[in-house]
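First to last, the protein sequences are chains A and Y.
Under this note's numbering, the first residue of the first sequence is numbered 2, with each subsequent residue one higher.
Under this note's numbering, the first residue of the second sequence is numbered 2, with each subsequent residue one higher.
All C-beta atoms in this analysis are idealised placements derived from N, C-alpha and C, irrespective of residue type, glycine included.
These figures come from a predicted structure and were not determined experimentally.
For reference, the structure is listed below as structure tokens.
Number of protein chains: 2
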Amino acid sequence: MKVSVLGYGTVGFGVCSMLEKAPGLELVSVLVRPGKADKPFKVTSIDEIVNDPEVEAVVEVMGGVEPAYSYVSAALAAGKHAVTSNKALVAAHGPELAKLAKEKGVGFLFSAACGGAVPFLHNLALAVESDRILSLGGILNGTTNFMLDSMQRSGMDYADALKEAQALGYAEADPTADVSGLDALRKIMLACAVAYDKLPCEGFSLEGIESVTAADVAHFQSKGLVLRLVVRGGESEDGKLYAFVQPVLLSASSPEASVLKNFNMAKYRGENAGDIVLIGQGAGRYPTASAVVRDLSDIVHGRREMMKPDCVRVAADNSVCECRYYVRLPADLADALPFAEKELDGALCRGVTEALAVTDMHARVKALRAGGAAVFFAAMEE
Amino acid sequence: MKVSVLGYGTVGFGVCSMLEKAPGLELVSVLVRPGKADKPFKVTSIDEIVNDPEVEAVVEVMGGVEPAYSYVSAALAAGKHAVTSNKALVAAHGPELAKLAKEKGVGFLFSAACGGAVPFLHNLALAVESDRILSLGGILNGTTNFMLDSMQRSGMDYADALKEAQALGYAEADPTADVSGLDALRKIMLACAVAYDKLPCEGFSLEGIESVTAADVAHFQSKGLVLRLVVRGGESEDGKLYAFVQPVLLSASSPEASVLKNFNMAKYRGENAGDIVLIGQGAGRYPTASAVVRDLSDIVHGRREMMKPDCVRVAADNSVCECRYYVRLPADLADALPFAEKELDGALCRGVTEALAVTDMHARVKALRAGGAAVFFAAMEE
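Have a look at this one:
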């Protein structure tokens, strides 16, 4: 299959390099920025690629919603398969692209957009054909996992853990999308779309890791607990879709706790298959490129769909899930939440709440923070 | 796709039940033992299935080499796809079946034969198309993992752990294939064939868990180590294939140590993808059936091969791998092995050897046992 790559950054370079060695796949052109076309196979106009009858598939690894959406749409409309690593694109326009691909009889796959090298969406798409997916979850952001792991293994504080992650290239100069949980949320959105044909697009509950302190971590560790930023998604028995991201405190023997450094862990529970856990590198040039190239191989073998053409957008309803929450807040707010147990620690109160709906807890903390309080919270593992 | 199932035991029942609900797949007949054909779709003659032009694929879940080999060969020869969960069959005759399937242009897949629900061979077959597999490994026998986990969590001795596993249906009345490591060995043979187009068929190094005692386990735990029965396979830089099974002592924070109860963990290291770890239920009616049905879906999508038709049989050469070994043996044999460190423990000596070739260590212990000595050994995690 003859392939054109849109974008020549970290992942694009990796894909081009892998295509040189992959039997059955051939690189014919790479879309680069104007002025960067210094080699024969590099082009600067998307039209050259879309109008090239030789190109059978495009790989979009530019990132961002536009012009990626226009380019991928144009390629699909021209009857070319498309593979992307771009979670923002699929979260924003996946259903339209899936529909267009179906109309044109071409493939649209995006494994690399969720979990890097971890073959999560690929296996989920295959499983969903014959099994009912009861729940989805895991650790889908390597940056925050690296930071939390550093804080727990070396007692580092949040700012130093972030600096270390940036120095090693695991965090960007503006780390907001990672540390806020937004990056992980986009990935669970895609996983829900694959598992349930429903792309959640509002009603999210999102808590990142920005509030955790070295003192919090020391406190968890004294209780034998490990902190991870965890995503969860699923469908309740009455068909309500839930999708949320929040810190979770786990026992040291839980599988999530063994996910170290910048690794990702994705899991799903199939009614028949049971729990399936997949672990690997969630980012990086060659890990991400390997997922892109696997999708190309999968298209060669005949696979076309990852998201169904009739996938619809829905609001998430996270009131269907309940958790008990560990909370650290100012001592004078010790009565502001329904604690099942609590203890005073100087000017702070640390406690564990009764079971609360996820939406309820996130809203309560938002209100406390709006009043100026510094609050950290994390769900207790069930 | 219209499917006939050969065998109606634990897994066969599960496959039939899943086929009733799987869109695009339809059960047309089940081969049962003479006298068991009490329902219209049940047949007792393989010829009825092979000669039925309606049947497009067969699922072989009878177990054993014969008559499974004759039946699957006949089905492939008649132009029907074949999916099997039978590791003994594929280990014995995989290359012939792969070649026959290729000649007839039909699919021959066997994910369920290695790791139950864990999608190991499926992902390995896809990865190998565009990535070089540097090594394979993991925990591929749920029975022994359950027993080792019980011994370590409750201080149970070997005999009680085996009884418990048998009572829960995790171990068979004759547990030899599991506890000797043979079952795990067959699985790593299949994984090597998928990854390297070479089916190792002799030269194995095989050590199970039969020699471990409750006192050994207490000793590991006092050092913070966890015992698992681990498989390893791969190809050395000069093209020598290795494949072996032996107990391994791991740190409590290693991913293998978090594999609890009867779960399996499979992993591979891709030159591009990095480490990919897959965890799930390695046996059981519906987990195994789910892998069979995923293979059927994969055939519907166009996949045909898991083992290449030119896969060759080779002898494994485990002299290319070295490990340091933990050993417990009689105190009067304390000089029988090249220990880097050792301590006397009553009538016993416990120590850790210098690095030794896997073949060398297994041969040395065999010789000591031939002399009547009770010896336990396990590789130290690198």
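Ordered list of beta strand (DSSP E) runs contained in the segment 256 to 336 of chain A, each at least 3 residues: 264 to 271, 275 to 282, 313 to 316, 326 to 331
Which of the residues in the segment 276 to 304 of chain A, read from start to end, lie with their CB under 7 Å from any CB of chain Y? ASP276, ILE277, VAL278, LEU279, ILE280, GLY281, GLN282, TYR287, PRO288, ALA290, SER291, VAL294, ARG295, SER298, ASP299, HIS302, GLY303, ARG304
Please state whether DSSP places ILE47 of chain A in a helix, a strand or coil. What you label residue 47 of chain A is simply residue 46 of the first sequence in a count that begins at 1. The answer is helix: DSSP assigns ILE47 of chain A an H, G or I state.
List the endpoints of the continuous beta strand (DSSP E) containing PHE378 of chain Y. On the second sequence, residue 378 of chain Y is found 377 positions in, with the first residue counted as 1. From DSSP, the beta strand (DSSP E) with PHE378 of chain Y extends over 377 to 381.
Residues of chain A with a CB under 7 Å from the CB of ASP132 of chain Y: which are they? Here residue 132 of chain Y is taken as the residue at index 131 of the second sequence, counted from 1. Those are SER291, listed as they occur along chain A.
Given a limit of 8 Å on CB to CB distance, which residues of the segment 104 to 137 of chain Y reach chain A? ALA118, VAL119, PRO120, HIS123, ASN124, LEU127, ALA128, GLU130, SER131, ASP132
Below 8 Å on the Cβ atoms is my contact criterion, and I expect MET308 of chain Y with PRO68 of chain Y to pass it. Report the Cβ-Cβ distance as a whole number of Å. Stepping through the second sequence from its first residue, residue 308 of chain Y is reached at position 307. Stepping through the second sequence from its first residue, residue 68 of chain Y is reached at position 67. Actually they are not in contact, since the Cβ atoms of MET308 of chain Y and PRO68 of chain Y sit about 21 Å apart, beyond 8 Å.
What does a CB cutoff of less than 8 Å around GLU21 of chain Y pick up in its chain, not counting 5 residues either side in sequence? Position 20 of the second sequence, counted from the first residue, corresponds to residue 21 of chain Y. Only LEU28 meet the Cβ criterion.
Name, going along the chain, the residues of the segment 225 to 241 of chain A whose beta-carbon falls closer than 7 Å to a beta-carbon of chain Y. none
Looking at the C-beta of ALA196 of chain A, does it have a partner C-beta in chain Y at a distance below 8 Å? Within the first sequence, numbered from 1, the residue matching residue 196 of chain A stands at position 195. It does not: the Cβ of ALA196 of chain A has no partner Cβ on chain Y nearer than 8 Å.
Say whether chain A places a C-beta atom closer than 8 Å to the C-beta of SER155 of chain Y. The residue you call residue 155 of chain Y lines up with position 154 of the second sequence. Not closer than 8 Å to any Cβ of chain A, the Cβ of SER155 of chain Y fails to qualify, so no.
Among residues of its own chain, excluding the 5 on either side of CYS17 of chain A, which ones have a beta-carbon nearer than 8 Å to its beta-carbon? Sequence index remark: in the first sequence, residue 17 of chain A carries index 16 (1-based). Closer than 8 Å at Cβ, skipping near neighbours: VAL6, TYR9, LEU28, VAL31.
Measure the beta-carbon distance from GLY80 of chain A to GLY303 of chain Y and round it to whole angstroms, keeping in mind my assumption that it falls under 8 Å. Within the first sequence, residue 80 of chain A is the residue found at index 79, counting from 1. Within the second sequence, residue 303 of chain Y is the residue found at index 302, counting from 1. The pair is not a contact, with the Cβ atoms about 18 Å apart (cut-off 8 Å).
With 8 Å set as the bound, which would you pick, yes or no: does the beta-carbon of ALA58 of chain A sit closer than that to a beta-carbon of chain Y? Locating residue 58 of chain A in the first sequence gives position 57, where the first residue counts as 1. With 8 Å as the cut-off, ALA58 of chain A does not count as an interface residue toward chain Y.
At the level of alpha carbons, what is the spacing between GLY373 of chain A and CYS312 of chain A? On the first sequence, residue 373 of chain A is found 372 positions in, with the first residue counted as 1. On the first sequence, residue 312 of chain A is found 311 positions in, with the first residue counted as 1. Looking at the two C-alpha atoms, the distance is approximately 41 Å.
Burial state of ASP333 of chain Y, where buried means 16 or more other Cβ atoms lie within 10 Å: Numbered from 1 along the second sequence, position 332 holds the residue referred to as residue 333 of chain Y. Result: exposed.
Members of the segment 303 to 333 of chain A near chain Y, C-beta cut-off 9 Å: GLY303, ARG304, ARG305
Are the C-beta atoms of GLY139 of chain A and some chain Y residue less than 8 Å apart? The residue given as residue 139 of chain A occupies position 138 in the first sequence. Answer no: the Cβ-Cβ gap between GLY139 of chain A and chain Y never drops below 8 Å.
Contact list for SER254 of chain A against chain Y, beta-carbon separation under 9 Å: As a position in the first sequence, residue 254 of chain A is number 253, starting the count at 1. Near SER254 of chain A (Cβ distances below 9 Å), the residues of chain Y are ALA253, ALA258, SER259, LEU261.
Sort Y:LEU163, Y:GLY240, Y:VAL366 by Cα distance to ALA380 of chain Y and report the nearest one. Numbered from its first residue, the second sequence carries residue 380 of chain Y at position 379. Checking every option, the nearest Cα to that of ALA380 of chain Y belongs to Y:VAL366.
Length of the line joining the Cα atoms of GLU306 of chain A and GLU57 of chain A: Numbered from 1 along the first sequence, position 305 holds the residue referred to as residue 306 of chain A. Numbered from 1 along the first sequence, position 56 holds the residue referred to as residue 57 of chain A. Rounded to whole angstroms, GLU306 of chain A to GLU57 of chain A spans 16 Å at the Cα level.
Is the distance from the Cβ of GLY15 of chain A to the Cβ of ARG286 of chain A below 8 Å? Here residue 15 of chain A refers to the residue found at position 14 of the first sequence. Here residue 286 of chain A refers to the residue found at position 285 of the first sequence. Cβ distance < 8 Å, so GLY15 of chain A and ARG286 of chain A count as in contact.
Assign GLU49 of chain Y to one of two classes, buried (16 or more other C-beta atoms within 10 Å of its C-beta) or exposed (fewer than that). In the second sequence, residue 49 of chain Y corresponds to position 48, counting from 1. The residue is exposed, with fewer than 16 neighbouring Cβ atoms inside 10 Å.
Nearest to GLY170 of chain A by CA position, among A:ASP158, A:SER181, A:THR145, A:MET152, is which residue? The residue you call residue 170 of chain A lines up with position 169 of the first sequence. Ranking the options by Cα distance to GLY170 of chain A, first place goes to A:THR145.
Cβ of ALA356 of chain A within 8 Å of any chain Y Cβ: As a working mapping, residue 356 of chain A is identified with position 355 in the first sequence. Judged by the 8 Å Cβ criterion, ALA356 of chain A is not in contact with chain Y.
Quick one: which chain A residues come within Cβ less than 9 Å of MET19 of chain Y? If you number the second sequence from 1, residue 19 of chain Y lands on position 18. Ordered by position in chain A, the residues that pass the 9 Å Cβ test against MET19 of chain Y are SER131, ASP132, ASN273.
Can you find at least 3 beta carbon pairs, one from the segment 120 to 132 of chain Y and one from the segment 252 to 261 of chain Y, that sit closer than 8 Å? no
So, with DSSP's three-state summary, where would you put CYS193 of chain A? Here residue 193 of chain A corresponds to residue number 192 of the first sequence, with the count starting at 1. In the structure shown, CYS193 of chain A sits in a helix (DSSP, three-state: H, G or I).
If we ignore side chains and look at the alpha-carbon of each, how far apart do LYS105 of chain A and LEU77 of chain A end up? Translated into positions along the first sequence, residue 105 of chain A becomes position 104. Translated into positions along the first sequence, residue 77 of chain A becomes position 76. Going by the C-alpha atoms only, they are around 7 Å apart.
Give me the chain Y residues within the contact set of ALA23 of chain A, using Cβ-Cβ distance strictly less than 8 Å, ordered along the chain. Working through the first sequence from its first residue, we reach residue 23 of chain A at position 22. Near ALA23 of chain A (Cβ distances below 8 Å), the residues of chain Y are GLU130, SER131.
Give the DSSP-derived three-state secondary structure of LYS3 of chain A in the structure shown. The sequence position of residue 3 of chain A within the first sequence is 2, counting from 1. DSSP places LYS3 of chain A in strand when its eight states are reduced to three.
Using only alpha-carbon positions, find the residue among A:ASP336, A:PRO339, A:PRO331 that is nearest to GLY347 of chain A. Taking the first sequence and counting its residues from 1, one reaches residue 347 of chain A at position 346. Checked all of A:ASP336, A:PRO339, A:PRO331; the closest Cα to GLY347 of chain A is A:PRO331.
Return yes when the Cβ of VAL232 of chain A is within less than 8 Å of the Cβ of GLY138 of chain A, no when it is not. Sequence index remark: in the first sequence, residue 138 of chain A carries index 137 (1-based). Sequence index remark: in the first sequence, residue 232 of chain A carries index 231 (1-based). Yes, Cβ-Cβ distance for GLY138 of chain A and VAL232 of chain A is below 8 Å.
Proximity below 8 Å, CB of ALA166 of chain Y to CB of PHE147 of chain Y: As a first step, residue 166 of chain Y is located in the second sequence; it is residue number 165 there, counting from the start. As a first step, residue 147 of chain Y is located in the second sequence; it is residue number 146 there, counting from the start. Result yes, Cβ atoms of ALA166 of chain Y and PHE147 of chain Y sit closer than 8 Å.
From what residue to what residue does the alpha helix (DSSP H) around SER223 of chain A run? Locating residue 223 of chain A in the first sequence gives position 222, where the first residue counts as 1. Per DSSP, SER223 of chain A belongs to the alpha helix (DSSP H) from 215 to 223.
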